[in-house]
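There are 2 protein chains.
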Amino acid sequence: MVTVRDVARESGVSISTVSRALAEPERVAPETRDRVVAVANRLGYRPNRAASGLRAGRTGALGLVVPDLENPYFASVTKGVQARARQTGHAVFVVDAGEDPALETELVTGLRSQTDGLVLCSPRAAEADLDAARDAPVVLVNLRHDGIPSVSSDDAHGVVLAVEHLRALGHRRVAYVGGPDRSWSDARRRAGLEAARERYPDVETVTVGSFRPRVEGGRAAADLVVASGATAVLAYNDLVALGLVARLRERGVDVPRDLSVVGFDDTFVATLASPPLTTVRTDLARLGARAVDRLVAALGTRRGAAADADGSPDPMPSPDDVLPVELMVRDSTTLAPTR
Amino acid sequence: MVTVRDVARESGVSISTVSRALAEPERVAPETRDRVVAVANRLGYRPNRAASGLRAGRTGALGLVVPDLENPYFASVTKGVQARARQTGHAVFVVDAGEDPALETELVTGLRSQTDGLVLCSPRAAEADLDAARDAPVVLVNLRHDGIPSVSSDDAHGVVLAVEHLRALGHRRVAYVGGPDRSWSDARRRAGLEAARERYPDVETVTVGSFRPRVEGGRAAADLVVASGATAVLAYNDLVALGLVARLRERGVDVPRDLSVVGFDDTFVATLASPPLTTVRTDLARLGARAVDRLVAALGTRRGAAADADGSPDPMPSPDDVLPVELMVRDSTTLAPTR
DNA sequence: ACGTAGGATGCAAACGTTCGCAACGATGCC
DNA sequence: GGCATCGTTGCGAACGTTTGCATCCTACGT
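Chains as they are written, first to last, in my numbering: chain W, 1 to 339; chain F, 1001 to 1339.
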């Protein structure tokens, strides 16, 4: 292993100068810097992260906790987080909490000691456990909680857009298939439903239970939706929507002729379904990138300047940051059946 | 921050004893150990990874490089890697190389300095670049290369199974839609095709180009497949299969009546397609877990004993480890059209 | 009863880096 | 021309842990 000493000896300077030449180039004479950098490259010097982290008190690592990596939603967010983190010179520990609140808190405490900061995506943990993480730099995604910075999409507005769309198609009775109980996103969607009902009193809404945010959840919900007499249904997310469609098809209920279906998130599965899903879109990679931006900003402006030519981060937003949504109208919604 | 000194002072022993009590419990007297552990818990002591890594020469972190996190295949493998790594006391840096060979090698070199070992999943990098990583502990997934340990699924056999299945259904002309040029998996599938052709000379096979391993790739391939006159098609993976189905449907070609389609990998999208895909299944989480087992084993038996009650790792396999495949027969394949 | 083996613990050095402080030389100003 | 200032560099300590070695004590064997 080639260390800073080797570079120092080889380029005839002290190790302090080497360290500075690489970390704070402006603090060292240009020709010295060039020489040092050249030698460092020639020898293939890679700074030892552990040593630097030990002395400087930062690890250069971020942590990302998601409920389920196999869920395309979180896969996209993870991708965004990871990409932006690389631009800011951080590596990302990714952990999958398996939708398990207990495991989640355990992972968070474990991760805190080996990272500079954490991104908690759609945490399922109890709010009390969240408080425990307060002293560490944390950014929440899809969950707002007290003074902890957060990034989320404007789910409530997404629901309003969806209801608006369905109403324009003549639907007057719309079902909503709810997601995990603990999920803040689900609460936001329900709030949106409430707002829509106020704005469009002629649209009845009916809510069916709380289901796992996966395909099975949608399958389980399908029969309840049919029984509810709704002519359109808004699903917690795209996977649930797909489960709905699959089960409905088995029962001989045609989508969209007999029942219009709206998904949520516009993950890649939305377009490959048949029919392609009408869904509420958010830029998930941007959601993740934004979370990293906020986290890095919170870590102090130390490495902040390192975000050079690459991606220009969005201008820093207010403590609670809400990304816009957009309704993608595809083939799973159509005119309400005339009776 | 509570350090080993605090624990030492509080429990009336030296810091060496604290370190040992936590790391090598058998080397310290039972009552001392219990006392130390109790104090450590009470104070909420968390060992500083950077310091421990610096001194001990290992970081407790593993790296995982995948071409695309949004691809459900890699999402599943990542999940498996992550879960097993946790059991062995490691955290996992996950990086998405975006199907870009150059970025991939760059990431690998960057990751090497901050991890104990790397899992390279379906590397797209040139083999020469792979050689550069040879001195570090590396396990390859879905790529075999010289003496580097690897884990893969028996893709070639999967292809044989698929062809066998199609032949039994009366198909005599089968198309294969190839994946990325650089992909070793693609080469294995082609080898399987060759083997199948030898075993079943009455089945003609025709190969169409090399496509991106995503839905768009399948869409692009669909028309070529139709023109080829094949009555059945084997896709590089499930996403490609779904793209095929979508495009075929648009053209009025019914699946499976007019054309049978077989996917690969049995990712979760296979079941939510309509029709549900017949596909070649591998246990992807196990693939990832296995890769971690091999990597940890290669790191020496240091922490090996820490894999206690939780998951019992598979018995350690030969240098090149091949996982079995299984054909999942669903609704996208049926009897060859009679003409 | 004495010597010794071995278990339990402590001491102190290292790991590779960063950073406060000081030294040095050169430049500019009065 | 001397003194102050500033830019550039080096010295050495510190970060928190692990670990080789020394030390102490207990208990055993002869």
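By construction, the Cβ of each residue, glycine as well, lies at the ideal position given by its N, Cα and C atoms.
Taking 8 Å as the cut-off, the beta carbon of residue 296(W) is found no closer than this to the beta carbon of residue 162(W).
The continuous alpha helix (DSSP H) containing residue 219(W) extends over residues 215-228. Boundaries of the beta strand (DSSP E) harbouring residue 1279(F): 1278-1281, taken from the DSSP string. Taken atom to atom, the span from the alpha-carbon of residue 144(W) to that of residue 1214(F) is near 35 Å. Annotation for residue 330(W): no beta strand (DSSP E) segment contains it, and DSSP assigns it neither H nor E. DSSP places residue 1231(F) in the coil class of the three-state scheme, outside both helix and strand. Straight across, the Cα-Cα distance linking residue 224(W) with residue 126(W) is about 29 Å. For residue 1073(F), the enclosing alpha helix (DSSP H) stretches over residues 1072-1087. Counting of Cβ neighbours within 10 angstroms places residue 80(W) among the buried residues, the total reaching 16 or more. Residue 116(W): not part of any alpha helix (DSSP H); DSSP gives it neither H nor E. Listed in chain order, the non-local C-beta contacts of residue 11(W) below 6 Å within the same chain comprise 35, 36, 39, local neighbours out to five positions each way being set aside.
Taking C-beta atoms as the reference points, residue 111(W) and residue 1050(F) fail to come closer than 8 Å. In the structure shown, residue 267(W) adopts coil according to DSSP, grouped into three states. Residues of chain W whose Cβ lies closer than 7 Å to the Cβ of residue 1007(F) do not exist, since the nearest Cβ in that chain is about 14 Å away. For residue 1014(F), the three-state secondary structure derived from DSSP is coil. When CB distances to chain W are screened at a threshold of 7 Å, the residues of the region 1208-1241 of chain F falling below it are 1215, in chain order. The beta carbons of residue 269(W) and residue 239(W) sit closer together than 8 Å. Residues of chain F with a Cβ closer than 8 Å to the Cβ of residue 185(W) do not exist, since the nearest Cβ in that chain sits about 20 Å away. Interface with chain W (8 Å Cβ-Cβ cutoff): residue 1247(F) is excluded.
Following the DSSP letters along the chain, one finds residue 1274(F) in no alpha helix (DSSP H), marked with neither H nor E. Residue 30(W) is outside the set of residues whose beta carbon lies under 8 Å from a beta carbon in chain F.
In this structure, residue 151(W) sits near residue 287(W), with a CB-CB distance shorter than 8 Å. Bounds of the alpha helix (DSSP H) holding residue 1155(F) are 1155-1168. Counting the other Cβ atoms within 10 Å of the Cβ of residue 1078(F) gives 16 or more, which makes it buried. At the C-beta level, residue 1099(F) and residue 1124(F) come within 8 Å of one another. Straight through space, the alpha carbons of residue 136(W) and residue 1245(F) are spaced by roughly 48 Å.
For residue 1064(F), no alpha helix (DSSP H) run applies; the uninterrupted beta strand (DSSP E) run containing it begins and ends at 1061-1066, by DSSP. Across the region 258-291 of chain W, CB contacts with chain F closer than 7 Å involve 268, 269, 272, 274, in sequence order along the chain. Our two residues, residue 58(W) and residue 76(W), have alpha carbons roughly 27 Å apart in a direct line. Within 10 angstroms of the beta-carbon of residue 1265(F) lie 16 or more other beta-carbons, which makes it buried.
For residue 1293(F), the uninterrupted alpha helix (DSSP H) segment begins and ends at 1284-1298. When Cβ pairs closer than 8 Å are counted between the two stretches, the region 1168-1182 of chain F is seen to touch the region 1201-1210 of chain F, the count reaching three or more. Bounds of the alpha helix (DSSP H) holding residue 43(W) are 30-43. Looking at the DSSP output, residue 173(W) shares a beta bridge with 204(W). Considering only 109(W), 219(W), 74(W), the residue with the shortest C-alpha distance to residue 1044(F) is 109(W). Per DSSP, reduced to three states, the secondary structure at residue 122(W) is coil, with no helix or strand assignment.
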